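Going down the list, the sequences are from chains U and R.
As numbered in the working numbering, residues 1 to 115 make up the first sequence, in order.
As numbered in the working numbering, residues 1001 to 1110 make up the second sequence, in order.
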Amino acid sequence: DAGVIQSPRHEVTEMGQEVTLRCKPISGHNSLFWYRQTMMRGLELLIYFNNNVPIDDSGMPEDRFSAKMPNASFSTLKIQPSEPRDSAVYFCASRPFEGGWSPLHFGNGTRLTVT
Amino acid sequence: GIQVEQSPPDLILQEGANSTLRCNFSDSVNNLQWFHQNPWGQLINLFYIPSGTKQNGRLSATTVATERYSLLYISSSQTTDSGVYFCSACSGGGADGLTFGKGTHLIIQP
Chain U
1 DAGVIQSPRH EVTEMGQEVT LRCKPISGHN SLFWYRQTMM RGLELLIYFN NNVPIDDSGM
61 PEDRFSAKMP NASFSTLKIQ PSEPRDSAVY FCASRPFEGG WSPLHFGNGT RLTVT
Chain R
1001 GIQVEQSPPD LILQEGANST LRCNFSDSVN NLQWFHQNPW GQLINLFYIP SGTKQNGRLS
1061 ATTVATERYS LLYISSSQTT DSGVYFCSAC SGGGADGLTF GKGTHLIIQP
């Protein structure tokens, strides 16, 4: 299995620009999670989807952040407009959601730098 | 939501030493995982252990759900064990995400 695939690995952009991060979950996993990691706040859950439906977006910091999951194999996290404080590593994770509990699998992350 | 606390925050050991990392959580858990974040930033899943004991090579973990803690044991440490170890837990319904502790930063010196 290829694992959770995120792109790009690194993104450098200027303040005010739109940023789109992408995630392909493991095939067959129907729960998908977006996390953000910073030195100050550690690993924070931003939003998660179950069967392509957003379940809880209470971790999304501001209206500048939005996430979509148009199908079972693709999700995006968009920041518009970006600000320097959005600089962080963004992780996507997935797991099956049927038949009980199972471990969460993480992608390698996207390191975002906003100048 | 659930609170996850890890100790110690930092640990420096010599190669070959053994270590115990602790994770306390504030509620009953349906999911508990230990991760190792390596120097390249990758989050490696070590154990999925909401209860009981598991072993994988030099690493083992025990979760005592009734007392709300989990322990990660590393024996015969190697320099490649360096990195940050995260405990994460979830107490909610089927699709809830994991809440992470602040991690234990482990340095193994040669």
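We put the beta carbon where it would ideally sit given N, CA and C, even for glycine.
All values derive from a computational prediction rather than experimental measurement.
Min CB distance residue i to chain R below 8 Å
i: U/PHE33; result: yes
C-beta neighbour in chain U for residue i, strict 8 Å
i: R/PHE1086; result: yes
Within chain U, partners of residue i - CB distance below 7 Å
i: R/LEU1098; result: LEU104
Residue i: CB within 7 Å of a non-hydrogen atom of the ligand NAD
i: U/LYS68; result: You won't find the ligand NAD in this model; it holds no ligand whatsoever.
Interface positions of the stretch 12 to 43 of chain U facing chain R (Cβ-Cβ less than 7 Å), listed along the chain: SER31, PHE33, GLY42 and LEU43
May I have a chain-ordered list of the beta strand (DSSP E) segments no shorter than 3 residues that lie completely inside the stretch 1059 to 1099 of chain R? 1059 to 1064, 1069 to 1074 and 1083 to 1090
For the stretch 84 to 112 of chain U, enumerate the residues whose C-beta is nearer than 7 Å to any C-beta of chain R, in chain order. VAL89, PHE91, PHE97, TRP101, PRO103, LEU104, HIS105, PHE106, ASN108 and GLY109
Which of the residues in the stretch 1028 to 1058 of chain R, read from start to end, lie with their CB under 9 Å from any CB of chain U? ASN1030, ASN1031, GLN1033, PHE1035, GLN1037, TRP1040, GLY1041, GLN1042, LEU1043, ILE1044, ASN1045, PHE1047, TYR1048 and PRO1050
With three or more beta-carbon pairs closer than 8 Å as the criterion, would you say the stretch 23 to 34 of chain U touches the stretch 93 to 108 of chain U? yes
Touching or not, the stretch 1067 to 1083 of chain R and the stretch 1023 to 1030 of chain R, by the rule of three or more beta carbon pairs under 8 Å? yes
Output, in sequence order along the chain, the residues in the stretch 42 to 71 of chain U whose CB is closer than 7 Å to any CB in chain B. No chain B appears in the structure shown, which is made up of the protein chains U and R.
Tell me, please, whether the stretch 1073 to 1082 of chain R touches the stretch 1048 to 1061 of chain R by the rule of three or more beta-carbon pairs shorter than 8 Å. yes
Could you tell me which whole beta strand (DSSP E) segments of length 3 or greater appear in the stretch 37 to 76 of chain U? 42 to 50, 53 to 56 and 65 to 71
Are the stretch 52 to 71 of chain U and the stretch 5 to 18 of chain U touching, with three or more C-beta to C-beta distances below 8 Å? no
Can you confirm whether the stretch 100 to 114 of chain U touches the stretch 1004 to 1019 of chain R when touching is taken to mean that 3 or more C-beta pairs between the two stretches lie within less than 8 Å? no
Assess contact between the stretch 1095 to 1104 of chain R and the stretch 1048 to 1056 of chain R, defined as three or more Cβ pairs (one per stretch) separated by less than 8 Å. Is contact present? no
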